[in-house]
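Asks:
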Amino acid sequence: MVAYHLAPALVPGGYVGVDVFFVLSGFLITTILVRERAAAGRVSLRRFWSHRIRRLVPALAAAVAVPAAAVSLGAAVLRANGGEVEGSPWGDLLVGAGAQGAAAATFTSNWATVASGQSYAGASSPRLFENLWSLGVEEQFYVVWPLVVVAFAALGLAARRAAVAAGALAAASAVAMALMAAPGIDPTRAYMGTDTHAFGLMAGSALAFAWSGDDARAGSRGRAPGALAVGALGAAALAALALALPWDSPWTYRGGLLAASVAAVAVIRMVLVVPEVGARLDAAPLRWIGDRSYGIYLWHWPVLVVLATLLDGGRVQAPSLLTVVLTVAVTVGAAAASYRWLEMPVRRAGLLRSVRAGWRRLRDALGDGESLRRARAVGLACAGATVIGLAGWGVAIAPERTSLEVALDAGAASIGASASVVGVPAPAPGGATLGPPVPVGSTVPLTEARREVPGVVRLDPPASSDAPGTPPVAAEPELPAGADVTVVGDSVALGAAPALTAALPGIAIDAEVGRQFSAGVDRLEALARKGRLRPYVVVALGTNGAVPGAQMDRLLEVVGDRSLVLVTPYGDRSWMKGSQKAVRQAARGHDAVVLADWQHAVEADPTVLGPDGIHPDQAGMERFAQVVEQGLLDAVSARTG
Numbered sequence: 001m002v003a004y005h006l007a008p009a010l011v012p013g014g015y016v017g018v019d020v021f022f023v024l025s026g027f028l029i030t031t032i033l034v035r036e037r038a039a040a041g042r043v044s045l046r047r048f049w050s051h052r053i054r055r056l057v058p059a060l061a062a063a064v065a066v067p068a069a070a071v072s073l074g075a076a077v078l079r080a081n082g083g084e085v086e087g088s089p090w091g092d093l094l095v096g097a098g099a100q101g102a103a104a105a106t107f108t109s110n111w112a113t114v115a116s117g118q119s120y121a122g123a124s125s126p127r128l129f130e131n132l133w134s135l136g137v138e139e140q141f142y143v144v145w146p147l148v149v150v151a152f153a154a155l156g157l158a159a160r161r162a163a164v165a166a167g168a169l170a171a172a173s174a175v176a177m178a179l180m181a182a183p184g185i186d187p188t189r190a191y192m193g194t195d196t197h198a199f200g201l202m203a204g205s206a207l208a209f210a211w212s213g214d215d216a217r218a219g220s221r222g223r224a225p226g227a228l229a230v231g232a233l234g235a236a237a238l239a240a241l242a243l244a245l246p247w248d249s250p251w252t253y254r255g256g257l258l259a260a261s262v263a264a265v266a267v268i269r270m271v272l273v274v275p276e277v278g279a280r281l282d283a284a285p286l287r288w289i290g291d292r293s294y295g296i297y298l299w300h301w302p303v304l305v306v307l308a309t310l311l312d313g314g315r316v317q318a319p320s321l322l323t324v325v326l327t328v329a330v331t332v333g334a335a336a337a338s339y340r341w342l343e344m345p346v347r348r349a350g351l352l353r354s355v356r357a358g359w360r361r362l363r364d365a366l367g368d369g370e371s372l373r374r375a376r377a378v379g380l381a382c383a384g385a386t387v388i389g390l391a392g393w394g395v396a397i398a399p400e401r402t403s404l405e406v407a408l409d410a411g412a413a414s415i416g417a418s419a420s421v422v423g424v425p426a427p428a429p430g431g432a433t434l435g436p437p438v439p440v441g442s443t444v445p446l447t448e449a450r451r452e453v454p455g456v457v458r459l460d461p462p463a464s465s466d467a468p469g470t471p472p473v474a475a476e477p478e479l480p481a482g483a484d485v486t487v488v489g490d491s492v493a494l495g496a497a498p499a500l501t502a503a504l505p506g507i508a509i510d511a512e513v514g515r516q517f518s519a520g521v522d523r524l525e526a527l528a529r530k531g532r533l534r535p536y537v538v539v540a541l542g543t544n545g546a547v548p549g550a551q552m553d554r555l556l557e558v559v560g561d562r563s564l565v566l567v568t569p570y571g572d573r574s575w576m577k578g579s580q581k582a583v584r585q586a587a588r589g590h591d592a593v594v595l596a597d598w599q600h601a602v603e604a605d606p607t608v609l610g611p612d613g614i615h616p617d618q619a620g621m622e623r624f625a626q627v628v629e630q631g632l633l634d635a636v637s638a639r640t641g
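The opening residue of the sequence shown carries number 1 in the working numbering; numbering runs sequentially from there.
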């Protein structure tokens, strides 16, 4: 999972590491409960839950407070230099920080994300504690599953039947995920729901029950070759899934994650049956990492987010090499410190005893005559108070909106202002604006500055010549006036609306967040039916889903003999290559259809995108408008040629 966040392009399916951990956790927790039941005749729920609190809470508290304080410090420096927190990368990280902290404290981060309606993959900005969703699933399992195990014991359920019951629960969870992750629907609920993502935990639990049976270990040596072969296949399957299973693919939720869990079960069983494998995996470096793996998981994401904001303008999806190296170093250091000075002391003495002992040591040090010891105590107390104070201040000043939300609101406002100029209604909810029919033929000159669009092939006029017999040079094409142009798009077009309305006054823009290609065609059909579709039509769709061939044919039919400019979509989504191909094929196959190549413009200069890697930043909005202008220029040339 850490590799997936640091280098998503190299391991696009690296998130399956969470599912491997779920299987391992289910196996270990169930084994602990079953062994306690066998040894003591009962399961002490109080002891189990207190041990979980000791194990989880201290490291979690530090991994939440320190990054929150670091972000608050960045916001404080920005404000001290006269900057605005809202709309800045630091402000983006503070949006919803209080709710994230509360969810972390109650181990409900997964449900908090689902309830907010935010998309795990398509968030407007990286969330500081986004990785804690899996910890929420884990802790909810820790609360409920011991009760189930106690119930199994009370019913006298044998180990083999308990394994079957756990397997049935795993199957039910996997089916629920497959049903909930319907095509065209954001999969966040299916991915983060405890009910829909419990199959890994249940699969590990089933293995634990099966292994705890008296006959499970009998003759395990005889089964070693088969277990070794199956385990090797499981390891190979996990590697393949990590390299080739996109998060947003429908097959991820219709068997992909379940396959990862089954493969993890095979690997764990191989370790159980073939002790030599376990001995090799217990080598000192791997054991050191394993002991600190919880802290590494907690720290790596907020550290990456903070460093990417500091060094890469918040572009977490494509961090620089320096950011990756520093993230690894800081994460390992923080996890090691947490393990030594927080986790282990609390696990040995208990949470309350550790707090009381720490307070006594601090009090004694402050009253000690030795100046060095007293100075250390004062420094430690001040550092702790500063961290807590900064974190609290950041929550207090957290903006209501991210920079993308600010940009989208500005886009909707600019659409409304543009609409009033040409006498069309105010924008509908979501930023949609409809315009009346307007006369054709108005044009505006294309400035040379607007021609310089990186990644876009220009339609430059031929050089003039005074040589005898030289045919007259055609006049340079001119842009249509904004009053002749209709734009139908999604949130990318909505965010760029201020630049579009500034470049083409009077333009009609109909754009909304999350719009699918088919919904965009529906809007175009409605505009055409009402006589409000202008002579030049710009379509900027495909960010939120595939571009079906039937819908593209329908779009061409709706546009008719008008000039059509198709904007090539861009983004790190599994369907994007297909969408880009569909748009390009449509342009190649029809004389009246031209491209506005936003894809190539971004590939030539990726810095025009904001932190989410999809929507343009301030400079990107201008670039998007330039790309659309170039497409309109090509459309004029095609129409007059």
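Where is the CB? At the ideal position from N, CA and C, for every residue including glycine.
Cα-Cα, which of 1, 343, 275, 311 is closest to residue 291?
Replies: Sequence index remark: in the sequence shown, residue 291 carries index 291 (1-based). Closest by alpha carbon: 343.
Asks: Could you tell me which residues DSSP pairs with residue 612 in its beta bridges?
Replies: Taking the first residue of the sequence shown as position 1, residue 612 is located at position 612. According to DSSP, which records beta bridges pairwise, residue 612 is partnered with nothing at all.
Asks: Could you spell out the range, first to last residue, of the beta strand (DSSP E) harbouring residue 489?
Replies: Your numbering for residue 489 matches position 489 in the sequence shown. Taken as a continuous stretch (DSSP letters only), the beta strand (DSSP E) holding residue 489 covers 485-489.
Asks: Secondary structure at residue 664, three-state DSSP: helix, strand or coil?
Replies: Residue coverage of the chain in this structure runs from 1 to 641, which leaves residue 664 outside it and unanswerable.
Asks: When burial is assigned at 16 or more other CB atoms within 10 Å of the CB, is residue 383 buried or exposed?
Replies: The residue labelled residue 383 in the question sits at position 383 within the sequence shown. The residue is exposed, with fewer than 16 neighbouring Cβ atoms inside 10 Å.
Asks: Pop quiz: residue 520 and residue 482 are said to be a contact at Cβ under 8 Å. What is the actual Cβ separation, rounded to whole angstroms?
Replies: The residue given as residue 520 occupies position 520 in the sequence shown. The residue given as residue 482 occupies position 482 in the sequence shown. 20 Å between Cβ atoms; not a contact.
Asks: Return the first residue and the last residue of the beta strand (DSSP E) that residue 509 is part of.
Replies: Indexing the sequence shown from 1 puts residue 509 at position 509. Element bounds for residue 509: 508-511.
Asks: Considering residue 114, what are the terminal residues of the alpha helix (DSSP H) in which it resides?
Replies: Stepping through the sequence shown from its first residue, residue 114 is reached at position 114. First-last of the alpha helix (DSSP H) with residue 114: 109-116.
Asks: Closer than 8 Å by C-beta to residue 228: which residues in its own chain qualify, once you throw out the five before and the five after it? Chain order, please.
Replies: Along the sequence shown, one-based indexing puts residue 228 at 228. Counting only Cβ-Cβ distances below 8 Å, and skipping sequence neighbours, we find 270, 273, 274, 277.
Asks: Within 10 Å of its beta-carbon, does residue 225 have 16 or more other beta-carbons around it, so buried, or fewer, so exposed?
Replies: As a position in the sequence shown, residue 225 is number 225, starting the count at 1. Looking at its Cβ environment, which holds fewer than 16 other Cβ atoms inside 10 Å, residue 225 is exposed.
Asks: Residue 142 by DSSP, collapsed to three states: which one?
Replies: Here residue 142 refers to the residue found at position 142 of the sequence shown. The answer is helix: DSSP assigns residue 142 an H, G or I state.
Asks: Could you tell me which residues DSSP pairs with residue 676 in its beta bridges?
Replies: Residue 676 is absent from the model: the chain starts at 1 and stops at 641.
Asks: Are the Cβ atoms of residue 592 and residue 627 separated by less than 7 Å?
Replies: Residue 592 sits at position 592 when you count from the first residue of the sequence shown. Residue 627 sits at position 627 when you count from the first residue of the sequence shown. Not closer than 7 Å, so no.
Asks: Run through the DSSP bridge pairs and tell me what residue 349 is partnered with.
Replies: On the sequence shown, residue 349 is found 349 positions in, with the first residue counted as 1. Paired residue(s): none; residue 349 is not in a bridge.
Asks: Just the C-alpha distance for residue 31 and residue 189, rounded to the nearest angstrom, thanks.
Replies: Taking the sequence shown and counting its residues from 1, the one referred to as residue 31 is at position 31. Taking the sequence shown and counting its residues from 1, the one referred to as residue 189 is at position 189. Whole-angstrom Cα-Cα distance: 30 Å.
Asks: Counting pairs of beta carbons, one from the segment 138-145 and one from the segment 170-183, are three or more of them closer than 8 Å?
Replies: The answer is no - the segment 170-183 does not touch the segment 138-145, with fewer than three Cβ pairs under 8 Å.
Asks: Is residue 282 buried or exposed, if buried means 16 or more other CB atoms sit within 10 Å of its CB?
Replies: The sequence position of residue 282 within the sequence shown is 282, counting from 1. Counting Cβ neighbours within 10 Å, residue 282 comes out exposed, since fewer than 16 surround it.
Asks: What does the alpha-carbon distance come out to for the pair residue 37 and residue 43?
Replies: As a position in the sequence shown, residue 37 is number 37, starting the count at 1. As a position in the sequence shown, residue 43 is number 43, starting the count at 1. Roughly 5 Å between the two C-alpha positions.
Asks: According to DSSP, residue 596 sits in a beta bridge with which residue or residues?
Replies: Counting from 1 along the sequence shown, the entry for residue 596 is found at position 596. For residue 596, which the question treats as bridged, DSSP gives the partners 567.
Asks: Can you tell which of 289, 568, 600 has the C-alpha that lies nearest to the C-alpha of residue 586?
Replies: Start at 1 with the first residue of the sequence shown, and residue 586 comes out as number 586. The candidate whose alpha carbon is nearest that of residue 586 is 568.
Asks: Cα-Cα, which of 33, 348, 84, 76 is closest to residue 206?
Replies: Counting from one through the sequence shown, the residue named residue 206 turns up at place 206. Among 33, 348, 84, 76, the Cα nearest to that of residue 206 belongs to 33.
Asks: Using CA atoms only, rank isn't needed, just tell me which of 27, 231, 603, 594 is closest to residue 631.
Replies: Position 631 of the sequence shown, counted from the first residue, corresponds to residue 631. Out of 27, 231, 603, 594, 594 has the C-alpha closest to the C-alpha of residue 631.
Asks: Is residue 480 helix, strand or coil when you go by DSSP?
Replies: Position 480 of the sequence shown, counted from the first residue, corresponds to residue 480. In the structure shown, residue 480 sits in a strand (DSSP, three-state: E or B).
Asks: Between the segment 64-75 and the segment 46-53, do three or more beta carbon pairs fall short of 8 Å?
Replies: No: fewer than three Cβ pairs fall under 8 Å.
Asks: Along the alpha helix (DSSP H) that carries residue 302, what are the first and last residues, could you check?
Replies: For the purposes of this step, residue 302 is identified with residue 302 of the sequence shown, where counting begins at 1. Unbroken alpha helix (DSSP H) run through residue 302: 293-311.
Asks: For residue 191, report the span of its alpha helix (DSSP H) as first-last.
Replies: Within the sequence shown, numbered from 1, the residue matching residue 191 stands at position 191. 188-192 is the span of the alpha helix (DSSP H), which, as asked, contains residue 191.
Asks: State whether the segment 609-626 contacts the segment 574-586, with contact taken as three or more CB pairs (one from each stretch) at a distance under 8 Å.
Replies: No, because fewer than three Cβ pairs between the segment 609-626 and the segment 574-586 fall closer than 8 Å, the two stretches do not touch.
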